[in-house]
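S.K.: Residue numbers (numbering that gives the first Met the number 0), protein chains in the order written: chain H, 0 to 115; chain B, 0 to 155; chain R, 0 to 90. Yeah, the Cβ is synthetic: ideal placement off N, Cα and C, and Gly gets one too. Input: one structure, supplied below.
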Amino acid sequence: MNVGNLPFIVSALLVVLGIYTLLFKRNLIKLVIGVSLIETGVNLFLVMLGYRSEGIAPIYTFAPAGERMVLPTPQALTLTSIVIGLATTALLLSFAVFIWRHYGTLDVHKIKELKG
Amino acid sequence: MNGGMSVIVRTVSRFVYGLILVFGFYVIMHGHLTPGGGFQGGAVVASAFALLLVAFGAAGLKGRLNAHLLQSLEEVGALAFLALGFLGIGTAFFYNLLANSGSLFGASVPIGPNSGILDSAGTLPLMNWAVGLKVMTGIASIVIVMLIGARKEETE
Amino acid sequence: MRKAALFVAFLFVSAFLLLAASSIRPFGAPIVSTMDDYFIANAQREIAANNVVTAIVFDYRGFDTLGEATVLFAAVVGVLTLFRKLREDER
Numbered sequence: 000m001n002v003g004n005l006p007f008i009v010s011a012l013l014v015v016l017g018i019y020t021l022l023f024k025r026n027l028i029k030l031v032i033g034v035s036l037i038e039t040g041v042n043l044f045l046v047m048l049g050y051r052s053e054g055i056a057p058i059y060t061f062a063p064a065g066e067r068m069v070l071p072t073p074q075a076l077t078l079t080s081i082v083i084g085l086a087t088t089a090l091l092l093s094f095a096v097f098i099w100r101h102y103g104t105l106d107v108h109k110i111k112e113l114k115g
Numbered sequence: 000m001n002g003g004m005s006v007i008v009r010t011v012s013r014f015v016y017g018l019i020l021v022f023g024f025y026v027i028m029h030g031h032l033t034p035g036g037g038f039q040g041g042a043v044v045a046s047a048f049a050l051l052l053v054a055f056g057a058a059g060l061k062g063r064l065n066a067h068l069l070q071s072l073e074e075v076g077a078l079a080f081l082a083l084g085f086l087g088i089g090t091a092f093f094y095n096l097l098a099n100s101g102s103l104f105g106a107s108v109p110i111g112p113n114s115g116i117l118d119s120a121g122t123l124p125l126m127n128w129a130v131g132l133k134v135m136t137g138i139a140s141i142v143i144v145m146l147i148g149a150r151k152e153e154t155e
Numbered sequence: 000m001r002k003a004a005l006f007v008a009f010l011f012v013s014a015f016l017l018l019a020a021s022s023i024r025p026f027g028a029p030i031v032s033t034m035d036d037y038f039i040a041n042a043q044r045e046i047a048a049n050n051v052v053t054a055i056v057f058d059y060r061g062f063d064t065l066g067e068a069t070v071l072f073a074a075v076v077g078v079l080t081l082f083r084k085l086r087e088d089e090r
C-alpha cells in the first residue's frame, strides 16, 4: 500500500465513481455523465504514466537549460483519446434526445416496459 | 432558448467573440512552437461559436446559420489533411517533405532551447490548419443541429 | 436483494481497482523510455519543430491522427443524419 502513488489512486477513484454512477442511477443523462467520468479517469492515468520526477514540459521554446523532459508519447495518445471521447458523448446525447422524443420519459426502467 | 439573453449579455458577447476568435487562431497557428495545435485551437473557436448561440438564441441567428455549409467545410478540412499526407509519397506516407528544405515553412531550427522560428517544421503548420478547420466546423455543426432539432419538436 | 448483491459486486471491483493503483510501480520513474529518448533527442534535427508532442502527433505517428480524424468525421455525419428532416413519404 504505497501512498506515494497518490495520482494513480485518484485516477482509479474517478473510474470507481463512474462505475457507481452507471450501476445505481436511472436517468439517461446521468448515465452519460458516468461514461464521461470513466473516460476522464483513463485519460488522467495515461498522462500520469509518462512523468519523470523534476521534469519539464517537452517543448524547446524558452526552455530552461539542462533539465530532463517528461515522456511526450503518452501525451500524444491522450490527445486522440479525448477527441474520441467527444465523439462518443455527442452520439450518446443525440440518442438520448431521440428516446425522449419517442417515449416521453428518460427513465431506464420505464423504457423497457412501454411499447412504441 | 428561443429568446436569447438580456441586452448586456448580447452587447458584451458581440465584443468578446472577436477576441476569442483571435486567440483560437493564435493557438492553431503556433502549434509547432508552443503547447497547442489543431485540435486545441479548433475547440477554442468552437466555444466562441457556442457563446454566440447561447447569447442570441436559435431564433436570433436564424438567417445566418447553415449546417450544410459547415459540414461541407469539414469535408474540405478532412480531404486537405489526407492530401498533405500524400505529399511525400516518394519516400513514405506522411513523410515531411518540406522540413529543412528552404521553401515554404522550411527554415532550420538551432538545436537546444531557443526562442521559436515561425516558418519552420514543414507540413506541420499546414496540417494544423486542416485539422483546426475540421474540428471547429464539425463541433459547430453538431451544436447547431442538436439545438434546432431538439427545440423544434418541443414547440410542435 | 438484487440491490444488495449489486452493491457487494461493486465493492469487490472498487477494492480491486484501488489496490492495483496503489501497488503499481512508483510514480515518477518510468522503467523503459528508449523510444521517447530518441524522439526528444532528434525531433529538432529531423522535423525542425520545437514542440515534440506536435511532432509526434503529426509526423512520427501521423497515421493515428488520420484514424482520429476519421472518427470525428463519422461522429459528425452520424449526428447530422439522426436529426435530418424526414421527407413526407418517410414519416
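(1) Do residue 66/B and residue 6/B have their C-beta atoms within less than 7 Å of each other?
(2) Which two residues bound the contiguous alpha helix (DSSP H) that contains residue 75/B?
(3) Pairs of beta-carbons, one from the segment 122 to 129 of chain B and one from the segment 59 to 74 of chain H, closer than 8 Å: are there three or more?
(4) Any residues in the segment 26 to 47 of chain H with a beta carbon nearer than 7 Å to a beta carbon of chain B? Which ones, in chain order?
(5) Just verifying my parser: in three-state terms, what is the DSSP assignment at residue 0/B?
(6) Just to check my reading of the structure: residue 95/H and residue 28/H have Cβ atoms closer than 8 Å, yes? What is that Cβ distance to the nearest angstrom?
(7) Less than 7 Å between CB atoms is the rule here; does residue 155/B satisfy it with respect to chain H?
(8) Residue 98/H lies in the alpha helix (DSSP H); which residues open and close that run?
(9) Determine whether the beta carbon atoms of residue 122/B and residue 78/B lie at a separation below 7 Å.
(10) Between the beta-carbon of residue 40/H and the beta-carbon of residue 70/H, is there less than 7 Å?
(11) Where DSSP assigns a beta bridge to residue 60/H, which residues make up the other side?
(12) I'd like to know if residue 27/B contacts chain H, where contact means its C-beta is closer than 7 Å to some C-beta of that chain.
(13) So residue 61/R is in the alpha helix (DSSP H); what residue range does that whole segment cover?
(14) Take residue 81/H as the anchor and find which of 11/H, 12/H, 17/H and 46/H has the nearest alpha-carbon.
(15) Smallest Cα separation from residue 87/H: which of 12/H, 16/H, 30/H and 11/H?
(16) Report the CB separation of residue 95/B from residue 87/B in whole angstroms; it is logged as a contact under 8 Å.
(17) Can the beta-carbon of residue 51/R be found closer than 7 Å to that of residue 38/R?
(18) Can you name the residues of chain R whose CB is closer than 8 Å to the CB of residue 84/B?
(19) Cβ closer than 9 Å: which chain H residues qualify as neighbours of residue 41/R?
(20) Is there a Cβ from chain H that is less than 7 Å from the Cβ of residue 112/B?
(21) Could you compute how far the alpha carbon of residue 131/B sits from the alpha carbon of residue 93/B?
(22) If you follow the alpha helix (DSSP H) that residue 119/B is part of, which residue opens it and which one closes it?
M.R.: To lay it out plainly:
(1) Along the second sequence, one-based indexing puts residue 66/B at 67. Along the second sequence, one-based indexing puts residue 6/B at 7. No, Cβ-Cβ distance for residue 66/B and residue 6/B is not below 7 Å.
(2) Numbered from 1 along the second sequence, position 76 holds the residue referred to as residue 75/B. Element bounds for residue 75/B: 66 to 84.
(3) no
(4) none
(5) Counting from one through the second sequence, the residue named residue 0/B turns up at place 1. Any reading at residue 0/B must be qualified, since the residue scores a pLDDT of 48, below 50, and its modelled position is unreliable; the value itself is stated next. Coil, per DSSP.
(6) For the purposes of this step, residue 95/H is identified with residue 96 of the first sequence, where counting begins at 1. For the purposes of this step, residue 28/H is identified with residue 29 of the first sequence, where counting begins at 1. About 6 Å; that satisfies the 8 Å criterion.
(7) The residue labelled residue 155/B in the question sits at position 156 within the second sequence. Here residue 155/B scores only 46 on pLDDT, less than 50, and its place in the model should not be relied on; the value that follows carries that caveat. Judged by the 7 Å Cβ criterion, residue 155/B is not in contact with chain H.
(8) Taking the first residue of the first sequence as position 1, residue 98/H is located at position 99. Here the alpha helix (DSSP H) through residue 98/H covers 72 to 102.
(9) The residue you call residue 122/B lines up with position 123 of the second sequence. The residue you call residue 78/B lines up with position 79 of the second sequence. No; because the gap between Cβ atoms is not below 7 Å, this pair is not in contact.
(10) The residue you call residue 40/H lines up with position 41 of the first sequence. The residue you call residue 70/H lines up with position 71 of the first sequence. Cβ atoms of residue 40/H and residue 70/H: not closer than 7 Å.
(11) Stepping through the first sequence from its first residue, residue 60/H is reached at position 61. DSSP lists 113/B as partners of residue 60/H.
(12) In the second sequence, counting from the first residue as 1, residue 27/B sits at position 28. For residue 27/B, the answer is no, since every Cβ of chain H falls outside 7 Å of its Cβ.
(13) Numbered from its first residue, the third sequence carries residue 61/R at position 62. Its alpha helix (DSSP H) spans residues 61 to 81.
(14) The residue labelled residue 81/H in the question sits at position 82 within the first sequence. The candidate whose alpha carbon is nearest that of residue 81/H is 46/H.
(15) Here residue 87/H corresponds to residue number 88 of the first sequence, with the count starting at 1. Nearest C-alpha to residue 87/H: 30/H.
(16) Looking up residue 95/B in the second sequence gives position 96. Looking up residue 87/B in the second sequence gives position 88. Indeed they touch by this definition, with Cβ atoms about 7 Å apart.
(17) In the third sequence, the residue the question calls residue 51/R occupies position 52. In the third sequence, the residue the question calls residue 38/R occupies position 39. For residue 51/R and residue 38/R, yes; Cβs fall inside 7 Å.
(18) As a position in the second sequence, residue 84/B is number 85, starting the count at 1. What residue 84/B touches in chain R: 61 and 65.
(19) Against the third sequence, residue 41/R aligns to sequence position 42. Those do not exist, as residue 41/R stays about 12 Å from chain H at its closest Cβ, beyond 9 Å.
(20) Residue mapping note: residue 112/B aligns to position 113 of the second sequence, counting from 1. With 7 Å as the cut-off, residue 112/B counts as an interface residue toward chain H.
(21) Working through the second sequence from its first residue, we reach residue 131/B at position 132. Working through the second sequence from its first residue, we reach residue 93/B at position 94. So the alpha carbons of these two residues sit roughly 18 Å apart.
(22) Your numbering for residue 119/B matches position 120 in the second sequence. First-last for residue 119/B: undefined, no H or E at that position.
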